[in-house]
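Numbering (this note's numbering), first residue to last: 126 to 375. Even glycine gets a Cβ: it sits at the ideal position worked out from N, Cα and C.
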Amino acid sequence: MTAAHPVARTVGLAKAFGAHQVLAGVTLELSEGRCTFVAGPSGTGKSVLVRHLVGLLKPDAGEVWYKDLRVDVLDEEALLGLRRRCVYVFQHPTLFDSMTVTENVALVVKYHKGVKAAAAEGLARAQLDRMGLSRLAESRPPELPAGEQKLVSLARALALEPETLILDEPTTGLDPYAAFEIDAHVRRLKELGVTLLVISHDLQSIRRLADEVVFLFDRKVRYEGGVDGFFHSADPVLDQFVHARVEGEI
């Protein structure tokens, strides 16, 4: 997959934790304005790969780029600036239980945009309203089911108006309706032209949303291309994965 305007790319990326080699020579490009899914069996380094893009991990070898910034050499101050442009939404909502939904969203706006509390709260409420979540404004996270907590964490990220949004397993652990609701919000972001990078092995979400798929296996990129090619590949590993076959290399 070669993008005319890659928003992010890795060149020969390698990462190990002790003796365990997770990634070995991963080179890829992510297209601006597209929705790219990173898929693969559990433990193949999907989150490890993506966390390099915002400097949460440093590679043992290779380069990591976000537009014109070489991420793997940035200092912490520069990385904070990058993370305002390229926002990472973790698998766990990571909300403060003692704060209301509005306060959770406003805290990030106040910290990263440098606005006063009242203005931050106004921006937070506006973001919740845009997502149809105003009904949750005064609720606290422990009062909400998992799907609504994930929606609030998405609202918090979007309040920063990022160029690129990274979603780590956004539908994992959710019932089918909650997963579909998350996907519906992601689809709206696609329509707005937000660059999206989604870590997921949810095949329904990939079918509904993906423009491009990166499949990791055995420390490397096994497939990189369109959705149709992903689901109809002659590669035995991809065939085993998409059809959930027991027999095979996985």
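Give me the Cα-Cα distance between residue i and residue j, rounded to the nearest whole angstrom.
i, j, result
"valine 147", "glycine 247", "43 Å"
"arginine 347", "arginine 313", "29 Å"
"methionine 126", "glutamate 154", "At methionine 126, the pLDDT of 48 sits below 50, so the modelled position is not reliable and the matter cannot be decided from this model."
"alanine 186", "arginine 260", "48 Å"
"alanine 141", "leucine 204", "22 Å"
"glycine 143", "aspartate 353", "37 Å"
"valine 240", "aspartate 343", "46 Å"
"cysteine 211", "glutamate 372", "39 Å"
"tyrosine 302", "leucine 334", "16 Å"
"arginine 134", "tyrosine 191", "7 Å"
"alanine 359", "lysine 345", "18 Å"
"aspartate 254", "arginine 209", "22 Å"
"glutamate 294", "valine 214", "9 Å"
"glycine 272", "leucine 299", "6 Å"
"proline 131", "serine 156", "5 Å"
"serine 172", "valine 338", "15 Å"
"alanine 249", "tyrosine 236", "13 Å"
"arginine 177", "alanine 369", "The sequence as given places histidine at residue 177; arginine does not occur at that position. Cα to Cα, histidine 177 sits roughly 29 Å from alanine 369."
"alanine 309", "glycine 257", "12 Å"
"glycine 137", "glutamate 349", "15 Å"
From what residue to what residue does the alpha helix (DSSP H) around residue i run?
i, result
"proline 301", "301-316"
"threonine 227", "226-238"
"serine 376", "The structure shown does not extend to residue 376, since the chain is modelled only from 126 to 375, so the question has no answer here."
"glutamate 273", "271-283"
"proline 361", "361-367"
"leucine 248", "242-255"
May I ask you to list the residues that DSSP assigns as paired with residue i?
i, result
"serine 156", "Pro131"
"threonine 161", "Leu322 and Glu337"
"glutamine 146", "Ala141"
"valine 151", "Leu138"
"phenylalanine 342", "Lys345"
Could you give the first and the last residue of the continuous beta strand (DSSP E) run that contains residue i?
i, result
"glycine 350", "345-351"
"aspartate 293", "289-293"
"valine 214", "211-214"
So does the segment 252-265 actually touch the segment 212-227, counting three or more Cβ pairs closer than 8 Å?
-> yes
Continuous alpha helix (DSSP H) assignments of at least 4 residues falling wholly in the segment 164-200 | 171-177
Counting pairs of Cβ atoms below 8 Å between the segment 152-168 and the segment 321-337, do you hit three or more?
-> yes
Just checking, does the segment 134-152 make contact with the segment 323-332 on the three C-beta pairs under 8 Å criterion?
-> no
Do the segment 227-240 and the segment 273-282 touch if we need at least three Cβ pairs shorter than 8 Å?
-> yes
Three-pair Cβ contact test at 8 Å for the segment 191-199 versus the segment 349-363 | no
Cβ contact (3+ pairs, closer than 8 Å) linking the segment 173-191 and the segment 360-375 | no
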